[in-house]
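Q:
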Amino acid sequence: MRARPIAGILLRQFYLIRGSPVRALPMFAWVAIDIVMWGFITRYLNTMSAGRFNYVPTLLGAVLLWDFFTRIMQGVSTAFLEDVWSRNFLNLFATPLTTPEYITGLVLTSIGTSAVGLLVMLVLASAAFGLSFFSLGLMLIPFLLVLFGFGIALGIFASALVLRLGPASEWLVWPMPALLSPFVGVFYPLSTLPHWMRGVGLLLPPSYVFQGMRAILAGQPPSAGNLALAAALALLDVVLAGYFFARVFRYALRTGLLARYSAESVS
Amino acid sequence: MRVPQDTLSRLHSCIDDETAEETGSDVVLGVTELRKSYPEVVAVERVSFEVRRREVLGLLGPNGAGKTTTINMILGVLSPTSGRIRIAGIDLARHRARALARANFSAVYASLPGNLTVRQNLTFFGLVYGIQHLAERVGVLIEQFDLERLKDVKCGVLSSGEQTRVALAKAALNRPRLLLLDEPTASLDPSAAQTVRSRIRRLATEGDCGILWTSHNMYEVEEVCDRVLFLSHGRVLLEGDPRRLPSQHGASTLEELFIRLAREPLGESPEQAV
């Protein structure tokens with residue numbers, strides 16, 4: 167992989183964000199709204215429980231981690247969609263750019279945009295609602311890494327789906343995190359779920375992150391085995407998503423989908 | 021010890037690729053027995069041709085003849101069913117990135133992202149092509165294509181003529197050995213088209229590249245192209261000098277010959293005029 171083409175993909179996204187407040191705003195606006203809304207909900211719940219249980223780290227911490235995952239996933243897919251919206255595939259893929267270089271550029275873009283969102287969430291949640299992520303200690307790092315890995319995998323998968331099914335399928339991309347959230351137990355233990363949903367949840371890396379977070383807040387050590395499993399699953403998902411994208415790309419080359427990519431040419 | 025045959029042929033092919041580049045072969049594009057078929061239709065059938073250094077080859081034919089399919093295969097955005105494409109001696113199927121680094125294109129249906137300015141687009145594509153001393157190169161192209169006044173304007177708000185100039189500047193970014201131009205003057209008025217033609221002609225004569233050009237404007241083809249290929253139903257029907265072909269086939273003009281060939285192909289098998 168060469169650095170210059172990757173820098174090109176990154177620079178293009180920087181130009182777009184710098185030149186358009188409409189693109190810059192969602193990087194922090196929605197996560198800020200989420201934190202404020204859930205911050206007040208937890209504050210209310212704390213009042214109701216009369217100090218018997220502190221909802222701030224459990225609920226607000228979960229919201230923050232989930233929003234981070236969502237930002238990562240959407241960071242990749244939105245960067246990809248920029249090329250869909252500007253009908254840039256022909257210009258882009260008739261160059262020496264390789265698909266690994268292209269995907270690396272999208273992932274680096276996502277790291278940049280989601281880092282801004284994470285910073286805003288951390289500042290807001292701790293300053294306004296007293297959330298301390300130090301309560302999770304060093305475990306916060308592997309938690310974020312697992313969510314990062316799975317977010318990247320889902321973003322690449324979603325991009326491949328749009329490439330295969332056409333621009334109109336971007337409406338399948340946005341609700342993906344919401345579709346997964348009941349299965350991964352963001353706010354409740356997996357044991358709450360019916361058997362089949364629990365089975366699905368166990369295949370999804372974020373389930374182990376939220377399980378571990380609740381264990382730490384309950385004063386128990388998180389399971390190192392579960393965390394290792396989550397990391398392995400996230401890594402596997404990245405590899406599978408990359409493979410899926412490469413397969414779809416080859417299909418698009420073979421069928422002419424890439425050369426004539428538009429809402430009208432893809433059924 | 022016996023070396024497997026496919027390993028040997030791959031090795032030979034790699035050596036061929038390197039040698040062709042190092043010796044500076046005159047052939048910048050070699051297309052051999054190119055074929056593209058879909059379940060219901062054969063879009064391109066056993067097309068072979070070459071483009072040489074400093075040559076402008078016109079690819080002519082009616083709508084649906086297979087011109088854009090051929091160009092898309094050369095650009096690497098469509099896989100051929102069979103056949104071989106070599107850009108500056110490099111096999112496109114095996115060394116895609118290396119081959120495409122030596123080519124560039126401009127097409128009326130592939131405008132540059134309208135949400136970036138002229139300079140941003142040139143910088144972005146310059147990085148993607150891995151251009152060294154990029155700022156300097158972008159500056160030269162902005163001057164060469166008369167884009168100084170427009171350099172900080174978003175491409176989406178430019179006129180057709182201005183967009184064509186930007187697309188040509190992008191196409192010249194990497195000093196390509198092979199330049200593919202799919203109807204580059206299609207949306208231009210005669211005066212703008214004349215300017216663009218002379219710029220492109222200069223790229224071929226002053227530079228070191230060969231050009232593959234498609235157009236439906238036969239006067240333009242006569243003016244610009246050194247040689248033409250006439251495609252119909254995915255096959256090469258005619259090849260020759262655009263200024264001599266009409267008289268060789270009993271037509272008074274190239275346009276008349278085009279119309280006749282488009283309506284009545286010369287025969288089942290391709291006929292070579294030269």
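Which chain is which? The protein sequence lines are Z and X, in order.
With the first letter of the first sequence counted as 1, position 212 gets the number 378 in our numbering; the numbers rise by one all the way through.
With the first letter of the second sequence counted as 1, position 16 gets the number 36 in our numbering; the numbers rise by one all the way through.
Here a beta-carbon is modelled for each residue, glycine too, at the ideal position from N, C-alpha and C.
Predicted model only: the values in this text are computed from it and were never measured.
#1: If we count Cβ pairs, one from each stretch, closer than 8 Å, do we get three or more for the region 361-378 of chain Z versus the region 387-396 of chain Z?
#2: Measure the Cβ-Cβ separation of Z/L256 and X/A130 and say whether it is below 9 Å.
#3: Determine the DSSP secondary structure at X/N83, reduced to helix, strand or coil.
#4: Mark X/G270 as exposed unless 16 or more other C-beta atoms lie within 10 angstroms of its C-beta, in which case mark it buried.
#5: Based on DSSP bridge pairs, tell me the residues matched to X/R55.
#6: Taking C-beta pairs closer than 9 Å, name the residues in chain X that Z/G138 reaches, listed in chain order.
#7: Are the region 271-290 of chain Z and the region 346-362 of chain Z touching by the rule of at least three beta carbon pairs closer than 8 Å?
#8: Using a Cβ-Cβ cutoff of less than 6 Å, which residues in the same chain neighbour Z/S325 once the five nearest sequence positions on both sides are dropped?
#9: Is it buried or exposed for Z/W232, if we count other Cβ within 10 angstroms and need 16 for buried?
#10: Rounded C-beta distance between Z/R170 and X/F144? I'm assuming under 8 Å.
#11: With 9 Å set as the bound, which would you pick, yes or no: does the beta-carbon of X/T184 sit closer than that to a beta-carbon of chain Z?
#12: Ignore the nearest five residues each way along the sequence and tell me which others in X/F125's own chain have a CB closer than 8 Å to its CB.
#13: Using a beta-carbon distance below 9 Å, is X/L170 in contact with chain Z?
#14: Put Z/F206 into one of helix, strand or coil per three-state DSSP.
#15: Establish whether the CB of X/F165 and some CB of chain Z are separated by less than 9 Å.
#16: Does the beta carbon of Z/R413 sit closer than 9 Å to a beta carbon anywhere in chain X?
#17: Leaving aside the five residues before and after Z/L401 along the sequence, list all residues of the same chain whose C-beta is less than 8 Å from its C-beta, in chain order.
#18: Name the chain Z residues that come within less than 7 Å of X/S99, Cβ to Cβ?
#19: Determine contact between the region 250-266 of chain X and the region 81-91 of chain X, defined as no fewer than three beta-carbon pairs at a distance below 8 Å.
#20: When you compare only the Cα positions, how much space is there between X/A108 and X/G230?
#21: Compare the Cα-Cα distances from Z/G303 to each of Z/F349, Z/L258 and Z/P388 and report the closest residue.
#22: Helix, strand or coil for Z/W340? Go by DSSP, reduced to three states.
#23: For X/N92, go through chain Z and note every residue whose CB falls closer than 9 Å to its CB, in chain order.
#24: Pairs of beta-carbons, one from the region 196-209 of chain Z and one from the region 221-232 of chain Z, closer than 8 Å: are there three or more?
#25: Restricting to runs no shorter than 4 residues, where is the alpha helix (DSSP H) found entirely within the region 130-187 of chain X?
#26: Do you know offhand how far X/E60's Cα is from Z/G332's?
#27: What are the residues of the region 337-350 of chain Z that lie near chain X, defined by any Cβ-Cβ distance shorter than 8 Å?
#28: Under the DSSP definition of a beta bridge, which residues are partnered with Z/G422?
#29: Taking one C-beta from the region 207-220 of chain X and one from the region 49-64 of chain X each time, how about it: are there three or more such pairs within less than 8 Å?
#30: What is the rounded straight-line gap between the Cα of Z/A228 and the Cα of Z/F376?
#31: So, are the CB atoms of Z/L503 and Z/L320 less than 9 Å apart?
#32: Quick check on DSSP: helix, strand or coil for Z/S215?
#33: What's the gap between the Cα of X/V158 and the Cα of X/L142?
#34: If you check the beta carbons only, do Z/T270 and Z/P343 fall under 9 Å apart?
#35: Between X/N135 and Z/L182, which are expected to be in contact by the criterion C-beta below 8 Å, what is the C-beta distance as a whole number of angstroms?
#36: Return the bridge partner residues of Z/W232 from the DSSP annotation.
A: Working from what's here:
#1: yes
#2: yes
#3: Assignment of X/N83 by DSSP, reduced to helix, strand and coil, places it in the coil class.
#4: exposed
#5: X/S102
#6: What is shown of chain Z runs 167 to 433, which leaves residue 138 of chain Z out entirely.
#7: Verdict: no, contact absent.
#8: S243 and F246
#9: buried
#10: Between X/F144 and Z/R170 the Cβ distance is about 11 Å, and since that is not below 8 Å, they are no contact.
#11: no
#12: I91, L95, A191, L199, L200, L201 and D202
#13: no
#14: helix
#15: no
#16: no
#17: G315
#18: L419 and R420
#19: yes
#20: Roughly 10 Å separates the two Cα atoms.
#21: Z/P388
#22: Looking at Z/W340 - three-state DSSP - the assignment turns out to be coil, as it is neither helix nor strand.
#23: Chain Z residues near X/N92: L256, A260, G422, L424, A425 and R426.
#24: The answer is yes - the region 221-232 of chain Z touches the region 196-209 of chain Z, with three or more Cβ pairs under 8 Å.
#25: 138-148 and 154-164
#26: 22 Å
#27: Against chain X - using a Cβ distance shorter than 8 Å - the region 337-350 of chain Z contributes no residues.
#28: Paired residue(s): none; Z/G422 is not in a bridge.
#29: no
#30: 7 Å
#31: Nothing about residue 503 of chain Z can be reported from this structure: the residues present for chain Z run from 167 to 433 only.
#32: coil
#33: 6 Å
#34: no
#35: 6 Å
#36: Its beta-bridge partners do not exist; DSSP assigns none.
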